[in-house]
Amino acid sequence: DAGVTQSPTHLIKTRGQHVTLRCSPISGHKSVSWYQQVLGQGPQFIFQYYEKEERGRGNFPDRFSARQFPNYSSELNVNALLLGDSALYLCASSPTGNTEAFFGQGTRLTVV
Amino acid sequence: KNQVEQSPQSLIILEGKNCTLQCNYTVSPFSNLRWYKQDTGRGPVSLTIMTFSENTKSNGRYTATLDADTKQSSLHITASQLSDSASYICVVTTLNYGQNFVFGPGTRLSVLP
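Residue numbers (this note's numbering), protein chains in the order written: chain W, 47 to 158; chain C, 13 to 125.
Take a look at the structure:
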């Protein structure tokens, strides 16, 4: 079984641009969560989706949006990128959302 | 407010030595507590998971303890190796609808030869 896969692994964007990050959960897992991790800090919760519905949203501006597809994969979209959006974006997969989370390797986003 | 705190913020030890990392939480309702190891720039990898009724759980050289009464957990690393250098993150799962996983800030461990 493949683990959680995220793409791309690295990305460089300029301020004001838009970015889409992708996550494929472990087969059979119906919940996907997104986290932003700035260097030297713990992950900060952005969104959780379960069965294609948003279950929770962290304290992030409306520039951040996400969705989950019928195959349970997910996209995180960030509009009007700021320098402060530079971070490691982590996707976590879990069967139901409140059991053990399995993380992907992350997407390293650099905004210049 | 659901919160997880960890100490120390960073730790430097010599190879072969033992160390203990601490985690305090104020998360309710509590479901389970996990310790993750995160290498720089990589996703976290689970080390142990403990439910309310478990006091101690081991995974090789890693031993986690949980005191649900005082809401404290520790991660003890025995006979440290250079490859143990990483951030160790304590994560508490709540049964609340929405953000189910509450992360601590992590402890950065450096093991020197």
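Beta carbons are placed, not taken as given, at the ideal position from N, Cα and C, and that holds for glycine.
Just so we're clear, the structure is a prediction, and the values are computed from it rather than from any experiment.
From the DSSP output, in three-state form, read off residue 58 (chain C) for me.
In the structure shown, residue 58 (chain C) adopts extended strand secondary structure according to DSSP, grouped into three states.
Is the region 26 to 33 of chain C touching the region 101 to 116 of chain W in the sense that three or more CB pairs, one from each, lie closer than 8 Å?
Cβ pair count under 8 Å is below three, so no.
Near residue 88 (chain C), which residues of its chain fall below 6 Å by C-beta distance, leaving aside the five closest residues on each side in sequence?
Hits under 6 Å: 32, 75.
Kindly indicate if chain C contains any beta-carbon less than 9 Å away from that of residue 162 (chain W).
Lying before the first or after the last residue shown, residue 162 (chain W) is absent from chain W, which here runs from 47 to 158.
Apart from the five residues just before and just after residue 138 (chain W), which ones in its own chain have a Cβ nearer than 6 Å to its Cβ?
Within the same chain, residue 138 (chain W) has close Cβ partners 79, 147, 149.
What residues are listed by DSSP as bridge partners for residue 92 (chain W)?
Residue 92 (chain W) is not bridged to any residue.
What three-state label does DSSP hand residue 120 (chain W) in the structure shown?
Residue state for residue 120 (chain W) is assigned as strand, using DSSP reduced to three classes.
Helix, strand or coil, according to DSSP, for residue 130 (chain W) in the structure here?
Three-state result, residue 130 (chain W): helix.
Chain C contact for residue 118 (chain W) (CB, 9 Å cutoff)
Cβ-Cβ to chain C under 9 Å: no for residue 118 (chain W).
Reference residue 39 (chain C); option with closest CA among C:16, C:56, C:117, C:50
Of C:16, C:56, C:117, C:50, the residue nearest in Cα terms is C:16.
Using only CA atoms, which one of W:155, W:77, W:141 lies nearest to residue 127 (chain W)?
Ranking the options by Cα distance to residue 127 (chain W), first place goes to W:155.
Quickly, what does DSSP pair residue 86 (chain W) with across the bridge? List them, please.
Looking at the DSSP output, residue 86 (chain W) sits in no beta bridge, so it has no partner there.
Our contact map puts residue 106 (chain C) next to residue 43 (chain C) with C-beta atoms below 8 Å; I'd like the distance itself, whole angstroms only.
The beta-carbon separation of residue 106 (chain C) and residue 43 (chain C), rounded to 6 Å, stays under the 8 Å limit for a contact.
Is residue 101 (chain C) close to chain W, meaning its C-beta is less than 9 Å from at least one C-beta of that chain?
Chain W contact via Cβ: present.
From this set, W:81, W:65, W:58, W:49, which residue's C-alpha is nearest residue 135 (chain W)'s C-alpha?
The option with the nearest alpha carbon to residue 135 (chain W) is W:81.
Partners in chain C for residue 149 (chain W), counting only beta-carbon separations shorter than 8 Å
The contacting residues are 48, 55, 56, 57.
Collapsed DSSP secondary structure at residue 107 (chain C) in the structure displayed
Residue 107 (chain C): coil per DSSP, three-state reduction.
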